[in-house]
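Trainee: Read in UniProt numbering, the sequence shown has 44 at position 44, and its numbers run on one by one without any break. Heads up, the beta-carbon is just placed ideally off N, CA and C, and yes, glycines get one too. Remember, predicted model here, so these are calculated numbers, not experimental data.
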Amino acid sequence: MNAGFWNVRGLNRRDHQVAVKELVSESRLHFLGLLETRVSAVNVSRVQSFLPRWSWFTDYAGPGNRIWIAWDDELLDVNVLDLDAQFIHCRITIRYAHLSILVTVVYGANDTISRRGLWQKLVLLATSISDEPWIVGGDFNTVLDMSEVCGSSADIHLAMSEFRDCLLDTGLIHLPVQGERFSWHNCSEGDRSLWKRLDRLLVNDSWFSQWPNSHYYCLNARTSDHSPLVIEEILLLTRSACFVSTTISRCRQTSLHQCRIFGGIE
């Protein structure tokens, strides 16, 4: 199973739909979490037709219709367990492997106060999960520390502290990442240029126990100011599997950004 998470900054435009379709094809995705789709209810069927054999879940009862999920229903069964303005939480059953995992697609609010609701909900989810593998991914709209910022940024120390507290309270762990160092750019140049790592994948201990070699790719941004995140060949990365797998053979080229880092780097 391969999964992708991407803040697409709108899906109404044809070029954005093509970019998502190309990502699905190139990375051979079976599950996709899309953020900030900006599609009105009357246009849902038209927009979703670019992946005609996939199933979709959208929540138009929530404010802003911020999150969509899609999956290849020939391979996966998806059951939505909980949802909120800032996340969709589901159980995915991989039919051919007779294996279930928990997936939470996150789109954090862009202000510190509103994100506190997300942190509280993630803690509640964590307390309800015993030994099932759980992955949490998407755009958290905050960074963990200043090493994840390149450029001049406003005071975000409170936001970082609350994010770190959430990870401690949930027991979620960062998956190793390959590819781009920063997942978002403000599309400015010179002194106004700002890069941040707003998007990431987190997992629980049960995930790492099942797939200790698991990692993901942060790809080039394409049509959005955010990078897509892709995790591949989950079932191949078991404890008994060799680290050199088909995932490594398709390792992406990393773009190196030369810039001054503001804040301490360990």
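Shortest alpha-carbon distance to F182 belongs to which of R116, L175 and L194?
Mentor: In this structure, L194 is the residue among R116, L175 and L194 with its C-alpha nearest to the C-alpha of F182.
Trainee: Quick one: Cα of N186 to Cα of D82, how far?
Mentor: 32 Å
Trainee: Along the chain, where does the alpha helix (DSSP H) that runs through C166 open and close?
Mentor: H157 to T170
Trainee: Take the Cβ of H157 as the centre, count every other Cβ of all protein chains shown within 10 Å, and call the residue buried at 16 or more, exposed below.
Mentor: Flag for H157 reads exposed.
Trainee: For T58, list the residues DSSP reports as bridge partners.
Mentor: W68
Trainee: Does the stretch 128–147 come within contact of the stretch 197–212, defined as at least 3 CB pairs closer than 8 Å?
Mentor: yes
Trainee: Tell me the start and end of each unbroken beta strand (DSSP E) in the stretch 100–160 that is at least 3 residues and wholly inside, in chain order.
Mentor: 134–139
Trainee: Cutting at 6 Å between CB atoms, please list the residues of its own chain near P228, excluding the five before and the five after it.
Mentor: G4, W6, L23 and L219
Trainee: Mapping DSSP to helix, strand and coil, what is A97?
Mentor: helix
Trainee: Residue ranges of each alpha helix (DSSP H) run of no fewer than 4 residues wholly in the stretch 19–48, ordered along the chain?
Mentor: 44–48
Trainee: Provide the residue(s) that pair with A3 in DSSP beta bridges, ordered along the chain.
Mentor: F31 and I231
Trainee: What is the DSSP secondary structure of Q17, counted as helix, strand or coil?
Mentor: Helix, per DSSP.
Trainee: Which residue's Cα is closest to the Cα of R9: V230, N213, H226 and I234?
Mentor: H226
Trainee: Using only the heavy atoms of the ligand NAD, determine whether one of them is closer than 7 Å to the beta carbon of V44.
Mentor: In the structure on display, the ligand NAD does not appear, and there are no ligands present to speak of.
Trainee: Please state whether DSSP places R192 in a helix, a strand or coil.
Mentor: Three-state DSSP puts R192 in a helix.
Trainee: Going straight from the alpha carbon of H215 to that of I94, what length do you get?
Mentor: 19 Å
Trainee: Three-state secondary structure (DSSP) at D205?
Mentor: D205 falls in the helix class under three-state DSSP.
Trainee: If I'm right that D199 touches G138 with Cβ under 8 Å, what's the distance once you round it to whole angstroms?
Mentor: 7 Å
Trainee: R53: which of N43, L35 and F31 sits nearest, CA to CA?
Mentor: For the residues N43, L35 and F31, the minimum Cα distance to R53 belongs to F31.
Trainee: Can you tell me which residues form a DSSP beta bridge with L83?
Mentor: I88
Trainee: Tell me, please, which residues DSSP counts as bridged to V8.
Mentor: BP columns for V8 are empty, so no partner.
Trainee: Nearest-angstrom Cα distance between L75 and Y96?
Mentor: If I take the Cα positions, the gap works out to 7 Å.
Trainee: Give me, in chain order, the residues of the same chain whose beta-carbon lies closer than 6 Å to that of L29; leave out the 5 immediate sequence neighbours on both sides.
Mentor: N2 and G4
Trainee: Would you say R66 and E26 are within 8 Å of each other, going by their C-beta atoms?
Mentor: No, they are not a contact pair.
Trainee: Check whether the Cβ atoms of L11 and V47 lie closer than 8 Å to each other.
Mentor: Yes; because the gap between Cβ atoms is below 8 Å, this pair is in contact.
Trainee: In the DSSP assignment, find the beta strand (DSSP E) that holds C218 and state where it starts and stops.
Mentor: Y216 to C218
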